[in-house]
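Student:
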């Protein structure tokens with residue numbers, strides 16, 4: 003049995019992309035994929051424990067690139083990552099960062115390479 007009783011950190015998965023799930027404009031199966039990106043990001047932060055904001059941004063930028071790739075699929079489904087989605091995604095990135103103790107992370111820098 004693992005003697006480490008520390009509970010994993012990270013955001014409540016049900017707090018991610020809530021507004022997108024509530025809006026039928028965004029297909030749930032694609033929102034699920036976005037949520038999976040965020041949960042993988044959280045797991046990477048937990049595993050790699052970035053030492054500072056610059057190291058965190060390397061991880062969040064990689065996850066943002068995954069969202070960039072997902073944008074085309076939203077378009078093919080008659081949707082897009084527009085203002086509501088952009089705000090929800092940005093807020094979810096912020097939740098992931100703060101859940102891991104990065105309270106000073108710049109919300110715009112977290113998703114700087116976004117194409118949406």
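Numbering (the working numbering), first residue to last: 3 to 118.
Glycine included, C-beta positions come from ideal geometry on N, C-alpha and C.
With three or more beta-carbon pairs closer than 8 angstroms as the criterion, would you say the segment 72 to 90 touches the segment 19 to 35?
Tutor: With a cut-off of 8 angstroms, the segment 19 to 35 and the segment 72 to 90 count as touching, because enough Cβ pairs lie within range.
Student: State buried or exposed for residue 60, treating a residue as buried only when at least 16 other CB atoms are found within 10 Å of its CB.
Tutor: Reading the chain shown from its first residue, position 58 is the one you call residue 60. Looking at its Cβ environment, which holds fewer than 16 other Cβ atoms inside 10 Å, residue 60 is exposed.
Student: What are the boundary residues of the alpha helix (DSSP H) that includes residue 105?
Tutor: Counting from 1 along the chain shown, the entry for residue 105 is found at position 103. It is not in any alpha helix (DSSP H) - residue 105 carries neither H nor E in the DSSP assignment.
Student: How would you write the range of the alpha helix (DSSP H) that residue 99 sits in, first residue to last?
Tutor: Numbered from its first residue, the chain shown carries residue 99 at position 97. Note, residue 99: alpha helix (DSSP H), 85 to 101.
Student: To the nearest angstrom, report how far apart residue 92 and residue 68 are at their CA atoms.
Tutor: For the purposes of this step, residue 92 is identified with residue 90 of the chain shown, where counting begins at 1. For the purposes of this step, residue 68 is identified with residue 66 of the chain shown, where counting begins at 1. In a straight line, the C-alpha of residue 92 is about 14 angstroms away from that of residue 68.
Student: For the alpha helix (DSSP H) containing residue 44, name the first residue and the last one.
Tutor: Within the chain shown, residue 44 is the residue found at index 42, counting from 1. 30 to 50 is the extent of the alpha helix (DSSP H) around residue 44.
Student: Let me know the secondary structure DSSP gives residue 77 once reduced to three states.
Tutor: Start at 1 with the first residue of the chain shown, and residue 77 comes out as number 75. Helix, per DSSP.
Student: Can you find the residues in the same chain that come closer than 8 angstroms, C-beta to C-beta, to residue 8, ignoring five residues on each side of it along the sequence?
Tutor: Position 6 of the chain shown, counted from the first residue, corresponds to residue 8. Residue confidence is low: residue 8 scores 48 on pLDDT, short of 50, so the model does not pin down where it sits. Its coordinate-derived value is still stated next. Nothing meets the Cβ criterion.
Student: Assuming contact is defined by CB atoms lying nearer than 7 angstroms, are residue 41 and residue 75 in contact in what I supplied?
Tutor: If you number the chain shown from 1, residue 41 lands on position 39. If you number the chain shown from 1, residue 75 lands on position 73. No.
Student: Using a Cβ-Cβ cutoff of less than 7 angstroms, which residues in the same chain neighbour residue 72 once the five nearest sequence positions on both sides are dropped?
Tutor: For the purposes of this step, residue 72 is taken as the residue at position 70 of the chain shown. Answer for residue 72: 32, 35 and 36, listed in chain order.
Student: Pick from 97, 63 and 108: whose alpha carbon is nearest that of residue 12?
Tutor: If you number the chain shown from 1, residue 12 lands on position 10. Nearest of 97, 63 and 108 to residue 12, Cα basis: 97.
Student: Under the assumption that residue 43 contacts residue 106 (Cβ atoms under 8 angstroms), give the Cβ distance between them as a whole number of angstroms.
Tutor: Counting from one through the chain shown, the residue named residue 43 turns up at place 41. Counting from one through the chain shown, the residue named residue 106 turns up at place 104. At roughly 18 angstroms, the Cβ-Cβ gap does not stay under 8 angstroms, so residue 43 and residue 106 are not in contact.
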